[in-house]
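Residue numbers (the working numbering): 769 to 1383.
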């Protein structure tokens, strides 16, 4: 791996890690002491018990002193929800019984449903419980973009005006006809919707991807796990839940009475992997492919999945799966390349936090945030659990959690994080990190003064390896500072100006659309890959762009964050650079393509047909 600068005294990646560990050790000790002093967290309480929460008055630990040579930029985001024509309000169905599914959803997707080259918006909705219907029947909502960031509601015309207990969404052209299809996860049977010239038709039964009647599915992803050229489907399942069991547990908090239960009171579930057999049909290969993980002692399913990140973590050409689990160990399914996976999360250092404990994992994303071959896996966790940032060393696993060392640890400890993703917010060529936050309990502040139901999102600017804290919290983020009960989050360039705008869903509240108003003057390049017939969106392709002697690495993968999907075009920030030295696309089948970039500041379309087969 090339070193920055080239001087003989430059520290290696491993030496930097040792240095950073020494710097961060005192922070680790401080944080651990504060966690102990915080008392027993309500989320880990035993069922049926009256829990008295004793919480010390503390302030969040202060991160390592910021570098004076690197002032924090202003990256303002403006709430344009009403101006853009978005009037979606999420329904969580709550009516007083405090049932666990009311707290979880829902997701969102940016995708081009009508093929007009701009990013449209789908918002997933939940429903009222039987016998407790509201005045208006809740449905999902699809908004068509006019290309300038103005949206119109086309839900009914697109065939999406139905109600269900919706959770998440996956997007992908599963049948290779050039139109992006939808997969909706629910509390109950899931739904595959085929895009037929902008109107969606339910083909779930024919395709065989509904899942079980009583399953609780969350995140999902289309990707080609067997490299046969078409898109397969992975579905994350949460816990075995029923209203009867939820009420029987009778979880309570002192001062509040009945409260929302925790997943450690419920039995886990198995995720599902569906192989695309062509002709619009899938086969459930979860068992034979090694996706089902069972506890060796109890014989029960282990997983309690909320988020999934498909990524080729070992760069062997086969996409692997990393699953963020809630209160049990995270999974890393290594793709063996023969149609099977092996779960090696503990072996590769991603299963537990730095203290060897399982966390309340929810949102997840992967990135090469250092512009090296070191892969980072970010996972948003529950309140009083820092965000995890698992990173390889010298481009090789196992992973080590560097959250404290890079400045994320103390700043994220109090937040209850759902959506999380990497993106270049200011187009300076370094991937920043956004996490969106919000609690489960409306009145949590009465029993935990440090916690609030609505919480601000947190945008962390990537300062680069020259800074003591690589990730630094942006204080001037405009309307992103408003407290939200956030869940899903996604990004897209909705107005064609090159920078990435945001959408954030709220539980039981209105979704929020934020326009990126950064004015750095930084240059950029956007790429839209057109793949082969079975994978027209080139999901899983890798892109390497070199400018100014620095290489940025990206993967075409819409499944990111929490229950959500990003746009398919890939954005590269270039900072002050106006020229690209080289651009390489590694297509999902291994073919390599060197692409000439005539200029920056545009959306380039790159076609698979022009690629040369790799030797």
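Glycine included, each C-beta is placed from N, C-alpha and C at the ideal position.
Spatial neighbours of residue 1316 within its chain, please: CB distance less than 6 angstroms, with the 5 preceding and 5 following residues excluded, ordered by chain position. On the chain shown, residue 1316 is found 548 positions in, with the first residue counted as 1. Same-chain partners within the cutoff: 1345.
For residue 1069, which beta-bridge partners are listed by DSSP? Indexing the chain shown from 1 puts residue 1069 at position 301. According to DSSP, residue 1069 bridges with 1062.
What's the call for residue 797, buried or exposed, on a 16-neighbour Cβ count within 10 Å? Looking up residue 797 in the chain shown gives position 29. Here residue 797 scores only 44 on pLDDT, less than 50, and its place in the model should not be relied on; the value that follows carries that caveat. Classification for residue 797: exposed.
Does the count of Cβ pairs from the segment 906–926 and the segment 976–990 closer than 8 angstroms reach three? no
Going by beta carbon distance, what residues of the same chain come within less than 6 angstroms of residue 1026, once the five residues before and after it are set aside? Taking the chain shown and counting its residues from 1, one reaches residue 1026 at position 258. Cβ within range, chain order: 866 and 1020.
Nearest candidate by alpha-carbon position, reference residue 1094, set 1034, 1078, 1135 and 1052: Locating residue 1094 in the chain shown gives position 326, where the first residue counts as 1. The shortest C-alpha separation from residue 1094 is found at 1034.
Between which residues of its own chain and residue 896 is the CB-CB distance below 6 angstroms, once the five residues before and five after are set aside? Numbered from its first residue, the chain shown carries residue 896 at position 128. For residue 896, where only same-chain residues beyond five positions count, the Cβ hits under 6 angstroms are 861 and 902.
Taking only the alpha-carbon atoms, compute the straight-line gap between residue 1000 and residue 1217 and give it to the nearest angstrom. As a first step, residue 1000 must be located in the chain shown, where it is residue number 232. As a first step, residue 1217 must be located in the chain shown, where it is residue number 449. Using only the alpha carbons, I get a separation of about 46 angstroms.
Could you work out which residue in 1340, 1209 and 878 is closest to residue 1022 when comparing CA atoms only? The sequence position of residue 1022 within the chain shown is 254, counting from 1. When each option's Cα is compared against that of residue 1022, the closest is 1209.
Residue 1133 and residue 1159: beta carbons closer than 8 angstroms? For the purposes of this step, residue 1133 is identified with residue 365 of the chain shown, where counting begins at 1. For the purposes of this step, residue 1159 is identified with residue 391 of the chain shown, where counting begins at 1. Result no, Cβ atoms of residue 1133 and residue 1159 do not sit closer than 8 angstroms.
When burial is assigned at 16 or more other CB atoms within 10 Å of the CB, is residue 1387 buried or exposed? As shown, the chain starts at 769 and ends at 1383. That puts residue 1387 outside it, with no answer to give.
Own chain, CB closer than 6 angstroms to residue 1294, minus 5 neighbours either side, in chain order: Your numbering for residue 1294 matches position 526 in the chain shown. Around residue 1294: 1337, 1339 and 1371.
Could you check whether residue 911 and residue 943 sit closer than 8 angstroms to each other, using their CB atoms as the reference points? Mapped onto the chain shown, residue 943 falls at position 175. Mapped onto the chain shown, residue 911 falls at position 143. No Cβ-Cβ contact shorter than 8 angstroms links residue 943 with residue 911.
Report the three-state DSSP secondary structure of residue 975 (helix, strand or coil). As a first step, residue 975 must be located in the chain shown, where it is residue number 207. Residue 975 falls in the helix class under three-state DSSP.
For the segment 1174–1262, which segments carrying the alpha helix (DSSP H) assignment without a break, of at least 4 residues, lie completely within its bounds, in sequence order? As for any alpha helix (DSSP H) of minimum length 4 sitting wholly inside the segment 1174–1262, the runs are 1177–1180, ordered along the chain.
Which whole-angstrom value describes the C-beta separation of residue 1335 and residue 878, a residue pair presumed to lie in contact below a C-beta threshold of 8 angstroms? As a first step, residue 1335 must be located in the chain shown, where it is residue number 567. As a first step, residue 878 must be located in the chain shown, where it is residue number 110. Right, their Cβ atoms sit about 4 angstroms apart.
Option in 1005, 864, 1163 and 1225 with minimal Cα separation from residue 1011: Counted from its first residue, the chain shown places residue 1011 at position 243. Residue 864 is the option with its Cα nearest to residue 1011.
Are the beta-carbon atoms belonging to residue 1048 and residue 975 less than 8 angstroms from one another? Here residue 1048 refers to the residue found at position 280 when the chain shown is read from its first residue. Here residue 975 refers to the residue found at position 207 when the chain shown is read from its first residue. Closer than 8 angstroms, so yes.
Can you tell which of 869, 840 and 963 has the C-alpha that lies nearest to the C-alpha of residue 881? For the purposes of this step, residue 881 is taken as the residue at position 113 of the chain shown. Among 869, 840 and 963, the Cα nearest to that of residue 881 is on 963.
3 or more residues per run - each beta strand (DSSP E) lying fully within the segment 1267–1300: 1269–1274, 1280–1284 and 1291–1298
Spatially closest choice to residue 1137 from 1190, 1105 and 1114, by CA coordinates: Indexing the chain shown from 1 puts residue 1137 at position 369. Of 1190, 1105 and 1114, the residue nearest in Cα terms is 1190.
Runs of 3 residues minimum, wholly inside the segment 887–938: which ones carry the beta strand (DSSP E) assignment? 888–891, 909–913 and 919–921
Beta-carbon proximity of residue 1182 to residue 1152, cut-off 8 angstroms: Translated into the one-based positions of the chain shown, residue 1182 becomes position 414. Translated into the one-based positions of the chain shown, residue 1152 becomes position 384. It is a contact, given that the beta carbons lie within the stated cut-off.
By DSSP, does residue 1019 sit in helix, in strand, or in coil? Residue numbering aside, residue 1019 sits at position 251 when the chain shown is read from its first letter. Residue 1019 falls in the coil class under three-state DSSP.
Suppose you measure from the CA of residue 1270 to the CA of residue 1281; what does that come to, to the nearest Å? As a working note, residue 1270 is residue 502 in the chain shown. As a working note, residue 1281 is residue 513 in the chain shown. Using only the alpha carbons, I get a separation of about 6 angstroms.
Taking just the CA atoms, how far does residue 1238 sit from residue 1231? In the chain shown, counting from the first residue as 1, residue 1231 sits at position 463. In the chain shown, counting from the first residue as 1, residue 1238 sits at position 470. Looking at the two C-alpha atoms, the distance is approximately 5 angstroms.
Quick one: what does DSSP say residue 1164 is sitting in, helix, strand or coil? What you label residue 1164 is simply residue 396 of the chain shown in a count that begins at 1. Of the three classes helix, strand and coil, the one that applies to residue 1164 here is strand, per DSSP.
Would DSSP call residue 989 helix, strand or coil? Within the chain shown, the letter at position 221 stands for residue 989. If DSSP states are grouped into helix, strand and coil, residue 989 belongs with the strands.
Can you give the beta carbon distance from residue 1100 to residue 1084, rounded, assuming they're within the 8 angstroms contact cut? For the purposes of this step, residue 1100 is identified with residue 332 of the chain shown, where counting begins at 1. For the purposes of this step, residue 1084 is identified with residue 316 of the chain shown, where counting begins at 1. No, residue 1100 and residue 1084 are not in contact; Cβ-Cβ is about 14 angstroms, not under 8 angstroms.
Kindly indicate the opening and closing residues of the alpha helix (DSSP H) around residue 850. Residue numbering aside, residue 850 sits at position 82 when the chain shown is read from its first letter. 849–852 is the span of the alpha helix (DSSP H), which, as asked, contains residue 850.
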